[in-house]
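Protein chains: 4
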Amino acid sequence: MPTTTPPAAAAAVVAQTAPLRITVWNEYRHEKTDPAAAAIYPHGIHAALADALAQIPAAVVRTATLDEPEHGLTQDVLDATDVLVWWGHAAHREVADAVVLRAQKRVLEGMGFIALHSAHHSKLFKTLMGANCSLKWREANDKERLWVVNPAHPIAAGLPEHFELEREEMYGEPFTIPEPDNVVFISWFTGGEVFRSGATWQRGNGRIFYFRPGHETYPTYHDANVRRVLANAAQWVRPTVRIPDAAPNTPPLEPLPLSA
Amino acid sequence: MPTTTPPAAAAAVVAQTAPLRITVWNEYRHEKTDPAAAAIYPHGIHAALADALAQIPAAVVRTATLDEPEHGLTQDVLDATDVLVWWGHAAHREVADAVVLRAQKRVLEGMGFIALHSAHHSKLFKTLMGANCSLKWREANDKERLWVVNPAHPIAAGLPEHFELEREEMYGEPFTIPEPDNVVFISWFTGGEVFRSGATWQRGNGRIFYFRPGHETYPTYHDANVRRVLANAAQWVRPTVRIPDAAPNTPPLEPLPLSA
Amino acid sequence: MPTTTPPAAAAAVVAQTAPLRITVWNEYRHEKTDPAAAAIYPHGIHAALADALAQIPAAVVRTATLDEPEHGLTQDVLDATDVLVWWGHAAHREVADAVVLRAQKRVLEGMGFIALHSAHHSKLFKTLMGANCSLKWREANDKERLWVVNPAHPIAAGLPEHFELEREEMYGEPFTIPEPDNVVFISWFTGGEVFRSGATWQRGNGRIFYFRPGHETYPTYHDANVRRVLANAAQWVRPTVRIPDAAPNTPPLEPLPLSA
Amino acid sequence: MPTTTPPAAAAAVVAQTAPLRITVWNEYRHEKTDPAAAAIYPHGIHAALADALAQIPAAVVRTATLDEPEHGLTQDVLDATDVLVWWGHAAHREVADAVVLRAQKRVLEGMGFIALHSAHHSKLFKTLMGANCSLKWREANDKERLWVVNPAHPIAAGLPEHFELEREEMYGEPFTIPEPDNVVFISWFTGGEVFRSGATWQRGNGRIFYFRPGHETYPTYHDANVRRVLANAAQWVRPTVRIPDAAPNTPPLEPLPLSA
């Protein structure tokens with residue numbers, strides 16, 4: 158009698174030494190209509206993010222945007238994606254539900270997911286959290302200071318104890334997320350608010366990281382510390398497995414009680 | 158200058174001494190077509206659940222079923238519900254998305270939610286978890302022994318260290334749920350499997366409890382220990398607040414930096 | 158064959174309607190030597206804490222201090238204590254290890270424990286956390302604003318979204334505690350720091366709450382919001398059970414495999 | 158004005174590509190007095206563990222035992238240790254408190270720690286957990302089946318969905334540990350018990366893994382799946398940083414309020 162099942166999980170192991178295939182998704186609307194955003198991100202926020210992520214050894218970075226067919230997230234693209242990075246703001250509702258469910262399915266199978274800034278209200282992040290993920294906000298020049306709460310977390314590797322962004326939009330608590338598995342950063346704002354600005358969760362087999370900074374009219378994604386966070390995070394959420402959903406009817410491994 | 162905000166949360170406090178308004182929702186199909194189920198639950202599983210919950214002091218229990226208009230879960234009913242108990246199995250897909258979203262909204266505001274047995278695959282539970290919540294299963298007479306893993310948890314109050322159900326369907330790990338806030342019960346099955354059979358989460362302001370036992374052809378909800386779990390759980394998930402979702406644009410509490 | 162164990166846990170259930178017996182422990186040194194502390198707490202910090210806790214219905218509050226025999230925490234006192242509240246600062250090392258272990262044992266059995274302010278470095282809190290629980294600090298007038306991160310938590314009941322203490326000592330992150338079960342409050346300080354100022358854990362069968370504010374030269378424990386937190390917390394950490402430690406050699410519940 | 162602190166955390170980063178220095182600690186008493194243990198582990202349990210861990214690329218494994226001076230865990234040894242593996246059973250009380258505190262200090266700085274089998278009651282594990290970590294047990298031939306609860310966890314990499322140990326001692330719930338950060342394995346025993354047999358925590362900057370199997374009279378540490386768990390775990394708990402404990406008095410980063 159075989160004493161172990163076929164190595165189902167083993168078969169799905171994702172090698173940690175393979176190229177890390179990252180897809181950066183951007184709404185890409187502000188940069189086409191708002192001169193302030195265009196001045197900072199002339200090729201789109203996705204280009205700046207891709208540039209930051211390309212510093213990862215063995216990274217293979219592509220981009221996708223809202224106005225491409227299927228928002229650039231076809232099944233083929235998602236099948237070839239290890240880590241999905243998401244920036245969206247004004248057009249969350251335009252993202253097709255079918256694409257959201259397709260991406261959620263890949264996260265549950267094992268794909269990593271990084272939600273940036275106003276992606277707290279993206280359909281995909283809310284779907285994975287099961288909650289509203291709302292917060293206070295104020296679109297005004299403020300200074301944000303991010304404190305590293307868990308310096309041992311790989312996402313904090315190489316960072317100082319705290320770092321500052323001289324100008325950012327404010328996000329404040331309460332942030333109606335599920336209690337995170339780990340809080341990595343907490344932000345201080347001049348205006349008097351605090352915010353859990355870096356937090357992690359697991360859903361299915363996929364790791365998720367939310368990172369707060371990144372308003373489109375500030376040069377946040379050109380900041381060296383922010384770029385380091387992005388590179389660290391993409392490596393930390395990389396998949397360990399790819400396991401399709403299954404709810405199998407299974408035979409017993411031991412004799413069952415005699416029926417009455 | 159006022160130094161605190163108006164007591165928004167305070168205004169939404171739900172008195173813990175008020176009547177506890179419980180709505181038991183049941184798919185109510187098996188009991189009408191399967192003689193084995195009908196023999197055990199002649200008035201429906203919801204009637205047995207309601208009977209167990211009526212033992213709670215100050216409980217006011219109503220029931221609702223799939224085939225009622227709006228599945229019996231109109232906005233008025235949900236507005237007057239503190240705790241929603243859910244049993245579903247064969248007809249998850251027939252539950253209207255609008256009702257699922259309405260119920261999710263109430264959980265996020267503060268309503269308690271108890272998902273029973275095959276409700277692990279109900280739309281509402283999956284929506285709140287953000288995951289597939291799949292598992293192994295075997296519809297065969299098995300013996301289930303539930304071990305109390307956290308005897309200090311209020312849901313375990315008054316229970317023995319373990320208790321048994323002589324006949325139950327098997328559910329086995331891996332159970333693809335988000336890591337629970339707390340695991341209260343782990344089950345042992347004769348056939349060789351284990352299962353996290355009682356677990357808690359918070360979503361928004363609402364508490365959630367999943368409890369495994371309850372196949373429709375076994376007298377599980379007549380069992381004294383199971384009935385105690387149900388009564389304990391309904392009290393533990395009762396709301397503390399009712400807070401509508403909001404993402405307010407808020408003025409600063411401290412002077413902002415001078416603009417550049 | 159009996160199918161359940163004797164109701165060991167049940168036997169240990171602590172009635173939630175019984176009087177709530179609270180012991181407030183205070184180092185009680187600053188108030189005897191520092192005029193600034195004595196002016197604010199003429200009868201000792203313990204007297205102010207006891208006064209705040211006496212507002213709980215059915216509370217029976219006693220106090221104990223470092224310089225009493227056995228620091229006022231004899232086995233008899235601890236046996237008759239449901240919730241232990243701890244304020245200490247300059248004399249942590251003078252607390253006898255035997256008393257610390259005695260109190261830890263009671264927490265593990267089920268007693269609630271509230272550690273206040275500089276009790277983050279008390280022997281008892283560090284012993285229960287298994288960690289250093291260190292932090293940044295600055296003894297200078299600062300303004301602290303506490304944000305309610307989880308408004309549904311019973312410890313936050315009746316509080317505004319945030320409240321302020323016009324003068325407090327600063328504590329800043331990183332706070333080297335184990336990841337809390339729940340973070341209830343996060344503080345903002347004028348000087349630029351943040352802090353997880355209200356957090357919960359469970360150890361054994363006992364609930365633990367750490368609450369940051371309370372420097373001896375500021376009138377923090379006379380503040381209405383702080384007093385509400387204290388009263389809420391004492392009720393939330395109240396025991397559900399009292400279960401002595403045991404590691405029993407137990408007979409099998411099912412037939413074992415035949416020996417080779 | 159500098160806007161960031163000196164990169165304290167960065168300075169302490171531990172390169173993930175350096176050799177992985179593992180110290181296997183063993184009580185090493187049973188193997189010298191019990192022929193059944195000696196037959197299975199003729200060179201001691203530590204030798205079998207070291208052999209399993211030596212399969213890790215770049216691992217440098219040393220061993221230490223109770224009866225060596227300072228139990229083989231001098232400050233120099235611990236300073237040169239990235240991961241400490243611990244097997245102890247009958248002589249927990251003989252381990253000097255000074256060595257326990259020295260090892261705890263290293264874990265809090267960042268060293269990984271793996272506690273095996275009856276090390277659940279070792280001074281070091283209990284000190285780090287802050288709890289009794291007690292459990293049920295039965296020294297009798299039983300079959301243990303370990304289910305992988307979180308197949309995405311790196312500690313489960315390459316394992317089948319479940320694996321069996323034909324003969325093992327039984328450990329049963331309740332296991333009075335703090336709620337783990339993650340449960341990786343849950344065990345089923347023929348005798349009717351369940352157990353959280355693989356679980357993780359973080360204390361300070363160090364990662365901790367507890368793994369249940371390993372009674373001295375069974376060939377558990379020669380099992381291929383168990384050896385894979387050990388190798389996976391040692392890599393997962395490897396340090397990311399080394400940060401000494403500090404509680405600094407720090408100057409403000411922003412102007413303080415004017416004193417009254």
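Chains as they are written, first to last, in my numbering: chain C, 158 to 417; chain B, 158 to 417; chain H, 158 to 417; chain Y, 158 to 417.
C-beta atoms are modelled at their ideal positions from N, C-alpha and C, and glycine is treated no differently.
{"query": "Under 8 Å by beta carbon: chain Y residues contacting B:V305", "result": "E330, P331"}
{"query": "Chain C contact for Y:A211 (CB, 8 Å cutoff)", "result": "no"}
{"query": "Euclidean distance between Cα positions of Y:A207 and Y:S275", "result": "18 Å"}
{"query": "Nearest-angstrom Cα separation, counted from C:R360 out to C:A288", "result": "13 Å"}
{"query": "Cutoff 8 Å: Y:P370 Cβ touching any chain B Cβ", "result": "no"}
{"query": "C:G229, DSSP secondary structure in three states", "result": "helix"}
{"query": "Assigned secondary structure, Y:D224 (DSSP; H/G/I helix, E/B strand, else coil)", "result": "coil"}
{"query": "Counterpart residues of Y:M286 in DSSP-defined beta bridges", "result": "DSSP lists no partner for Y:M286."}
{"query": "Chain B contact for C:Q359 (CB, 8 Å cutoff)", "result": "yes"}
{"query": "For H:R259 and Y:L177, the rounded distance between their alpha carbons", "result": "40 Å"}
{"query": "Buried or exposed (CB count within 10 angstroms, at least 16 for buried), B:Q392", "result": "buried"}
{"query": "Y:H310 classed as buried or exposed, judged by whether at least 16 other C-beta atoms fall within 10 angstroms", "result": "buried"}
{"query": "Contact under 8 Å by Cβ, H:T357 with H:P331", "result": "no"}
{"query": "Helix, strand or coil at B:H319 [DSSP, three-state]", "result": "strand"}
{"query": "Contact list for C:V386 against chain H, beta-carbon separation under 8 Å", "result": "Going along chain H, no residue has its Cβ under 8 Å from C:V386, so there is no contact; the nearest lies around 16 Å."}
{"query": "Limits of the beta strand (DSSP E) - the one that Y:A356 falls within", "result": "351-360"}
{"query": "Beta-carbon contacts of B:E321 that lie in its chain and below 8 Å, excluding the five residues immediately before and after", "result": "K300, E301, R302, L303"}
{"query": "The region 233-261 of chain B: positions lying closer than 8 Å to chain C by Cβ", "result": "Q261"}
{"query": "Anticipated Cβ contact below 8 Å, C:E411 with B:G315, distance rounded", "result": "At roughly 31 Å, the Cβ-Cβ gap does not stay under 8 Å, so C:E411 and B:G315 are not in contact."}
{"query": "Residues of its chain near B:R364, where Cβ-Cβ distance is below 6 Å and the 5 sequence neighbours each way are ignored", "result": "G269, V394"}
{"query": "Which listed residue (Y:D254, Y:T222, Y:T174, Y:A205) has its alpha carbon closest to that of Y:Y185", "result": "Y:T222"}
{"query": "H:N298 burial status per 10 Å Cβ neighbour count (16 or more: buried)", "result": "buried"}
{"query": "Interface flag, C:L410 vs chain B, CB-CB below 8 Å", "result": "yes"}
{"query": "Below-8 Å beta-carbon distance, Y:S275 vs any chain H residue", "result": "no"}
{"query": "CB contact check: B:P214 to chain H, cutoff 8 Å", "result": "no"}
{"query": "Chain-ordered neighbours of Y:I343 on chain B, where CB pairs are closer than 9 Å", "result": "E330, I343, V351, F352, R353"}
{"query": "Own chain residues within Cβ distance below 8 Å of C:T162, not counting five before or after", "result": "Residue placement at C:T162 is poorly supported in this model, since its pLDDT is 45, which falls under 50; the coordinates still yield a value, given next. Excluding residues within five positions, none has a Cβ falling inside 8 Å."}
{"query": "Identity of the residue in H:N362, H:S279, H:L230 nearest B:N339 by Cα", "result": "H:N362"}
{"query": "Contacting residues, own chain, Cβ-Cβ under 6 Å from H:R149 (five flanking each side not counted)", "result": "Outside the modelled stretch of chain H, which goes from 158 to 417, sits residue 149 of chain H, for which no answer is possible."}
{"query": "CB contact below 8 Å: B:W294 versus chain C", "result": "yes"}
{"query": "Outcome for C:P414 when other beta-carbon atoms lying within 10 angstroms are tallied against a minimum of 16", "result": "exposed"}
{"query": "Cβ pair B:L273, B:G355 closer than 8 Å", "result": "no"}
{"query": "Simplified DSSP assignment, three categories, for H:P405", "result": "coil"}
{"query": "Between the CA atoms of C:F282 and C:H187 - distance to the nearest angstrom", "result": "20 Å"}
{"query": "Assigned secondary structure, B:V256 (DSSP; H/G/I helix, E/B strand, else coil)", "result": "helix"}
{"query": "Chain-ordered neighbours of C:T397 on chain Y, where CB pairs are closer than 7 Å", "result": "A309, P311, A314"}
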